[in-house]
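Anchor point for the sequence shown: position 306 equals 306 in full-length UniProt numbering, and the numbering is continuous, going up by one each time. We put the beta carbon where it would ideally sit given N, CA and C, even for glycine. The structure displayed is predicted, hence computed values, not measured ones.
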Amino acid sequence: MRSLTTAPGQGGSRARSGGYFPARKRLVIRANVGGTHRVAFTAGGDVLATAGDDKVVSLWDAGSGVATGPGRLAGHAGALLDVDFSGGENGGGGGGGDLTVLGAGADKSIRLWDAVTGKCRHALRGHAEKVCAARFSPFENTRAASCSHDKTIKVWDLNKGFCVASIMCASNCNAVTYGDGAGVVVTGHFDGAARVWDVRRKPGNACDPIEVRAHEQHVTSVTAMPNNRAQFLTSGKDHTLKLIDLRGGAQGEVVKTIKASGYRVWTQWANACVSPDGAHVVAGGADGAVFVWSLSDEGLKVTLRGHDAAVATCAWGQSGLATADKNGVAVLWSE
């Protein structure tokens, strides 16, 4: 994908950012047996990871759609709910500068793999319920954060493979990302709130987060904006996306609400994503549609049709947009 363009509701027209909106299917990959819960790109966009019900992370060449590297990263005893690359679209390290992969699972564990050899470096255990999300720190290459339905957020030392901080929270947690500093972690919860934590403070103080009541139902994902990590995008089971700005006051504020007729969120951990330039946001719907909005005017720009089942996940990398559905089918889109 070279750029971003489209007239509202149609594919292929030029966007203000100077790129192109995704408009047609370029590749279809049978990514996972059962549903696919998360997709992620490497920083360069050349490799796509898919994680799902078959208990593995699968690695694909984003240009050809064929398996690449070790192909499958295994070891989990349950479904994979999240995946992240070190140095990937979310930013991150991974302990030593090599390309590594985090997988978060319903088996209450997180695994750290070498993306080249497929070897598991660490199995990170300590959560008491399913781990819904895990993210590399974009600031420290030896740290990652995770969240779980056990109402805890954990920070991990990826060199040593153990937990260095554990924070209790008031509500089950579906999503986690890093904010605008090494100690800032943002989480999304069952009670509709997004919470911002200083995980470097002493445990007694770390449990006083900034709380933004963003959604009327579960928060399903949180994503830091690529050009401003003091802002982050949330998606919710109330079928809306919210842009939250932490500079808008001591407690942060919702500065944009994004929605569309027919847009319905399928799962409690379905994620939205942001274009690399921060100008557009994407989310998949329960009817198999993929919705692309302009962030500046909150307007729907294109609705993509290419899935036969509910779309659970999306990622927009340097090589384009990827989406995946509850049948384990991933689609890569081009202009």
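Worksheet item: From which residue to which residue does the beta strand (DSSP E) around L300 run?
Response: In this chain, the beta strand (DSSP E) harbouring L300 covers 300-305.
Worksheet item: Skipping 5 residues on each side, what residues in its chain have a beta carbon closer than 6 angstroms to that of S221?
Response: Cβ neighbours of S221 beyond the five flanking positions: A175, S235, N271, A272.
Worksheet item: What's the gap between the Cα of E335 and the Cα of T240?
Response: Rounded to the nearest angstrom, the two C-alpha atoms are 26 angstroms apart.
Worksheet item: Apart from the five residues on each side of it in sequence, which residues of its chain come closer than 8 angstroms, Cβ to Cβ, to P276?
Response: Cβ neighbours of P276 beyond the five flanking positions: E89, P226, W316, G317, Q318.
Practice prompt. If I'm right that G78 touches D54 with Cβ under 8 angstroms, what's the distance once you round it to whole angstroms?
Written response: The pair is not a contact, with the Cβ atoms about 10 angstroms apart (cut-off 8 angstroms).
Worksheet entry | Span separating the alpha-carbon of F136 from that of G320 | Roughly 22 angstroms between the two C-alpha positions.
Discussion item. Could you give the first and the last residue of the continuous beta strand (DSSP E) run that contains A67?
Written reply: Segment 67-73, the beta strand (DSSP E) holding A67.
Worksheet item: Which residues in the same chain as R111 place their Cβ atom closer than 6 angstroms to its Cβ, once the five residues preceding and following it in sequence are excluded?
Response: So the qualifying residues of the chain are G75, G103, C120, A123.
Discussion item. Checking the sheet assignment: what are the DSSP bridge partners for T313?
Written reply: Beta-bridge analysis with DSSP links T313 to A324.
Discussion item. At the level of alpha carbons, what is the spacing between D82 and F139?
Written reply: In this structure, the alpha-carbon of D82 lies about 20 angstroms from that of F139.
Discussion item. Out of N141, T142, C132, G118, which one is the CA nearest neighbour of T187?
Written reply: Shortest Cα-Cα distance from T187 to any of N141, T142, C132, G118 involves C132.
Worksheet item: Which one of E298, V311, S296 has the shortest CA to CA distance from G284?
Response: The candidate whose alpha carbon is nearest that of G284 is V311.
Item to complete: Verify whether the separation of the beta carbon atoms of residue 340 and A62 is less than 8 angstroms.
Response: Given a span of 1 to 335 for the chain in the structure shown, any question on residue 340 remains unanswerable.
Worksheet entry | Start-to-end residues for the beta strand (DSSP E) that takes in D208 | Here D208 belongs to no beta strand (DSSP E), and DSSP marks it neither H nor E.
Practice prompt. Give the secondary structure of H149 by DSSP, where H, G and I count as helix, E and B as strand, and everything else as coil.
Written response: Under the three-state reduction of DSSP output, H149 falls in the coil class, being neither helix nor strand.
Worksheet item: What do you get for F162, buried or exposed, if any count of 16 or more other CB atoms within 10 angstroms of its CB means buried?
Response: The residue is exposed, with fewer than 16 neighbouring Cβ atoms inside 10 Å.
Discussion item. I'd like to check one pair, A51 with W60: are the Cβ atoms closer than 8 angstroms?
Written reply: In this structure, A51 does not lie closer than 8 angstroms to W60 by Cβ.
Item to complete: Would you decide whether K130 is buried or exposed? Buried here means 16 or more other CB atoms lie within 10 Å of its CB.
Response: A residue is called buried when at least 16 other Cβ atoms come within 10 angstroms of its Cβ; K130 meets this threshold and is buried.
Worksheet item: Does the Cβ of K237 have 16 or more other Cβ atoms within 10 Å, making it buried, or fewer, making it exposed?
Response: Buried, since its Cβ has 16 or more Cβ neighbours within 10 Å.
Worksheet item: From F21, K242, A330, V56, pick the residue whose C-alpha is nearest to that of T223; which is it?
Response: Checked all of F21, K242, A330, V56; the closest Cα to T223 is K242.
Worksheet item: Who are the Cβ neighbours of P70 in its own chain at under 6 angstroms, not counting the five residues just before and after it?
Response: Residues of the same chain with a CB within less than 6 angstroms of the CB of P70, apart from the 5 flanking positions on each side, are G118 in chain order.
Fill in: Residue range of the unbroken beta strand (DSSP E) whose run includes F41
First-last of the beta strand (DSSP E) with F41: 36-41.
Item to complete: Please state if the CB of T303 and the CB of V39 are separated by a distance shorter than 8 angstroms.
Response: No; because the gap between Cβ atoms is not below 8 angstroms, this pair is not in contact.
Discussion item. In the DSSP output, which residue or residues are listed as bridge partners for residue 336?
Written reply: Since the first residue shown for the chain is 1 and the last is 335, residue 336 is missing from the structure and cannot be characterised.
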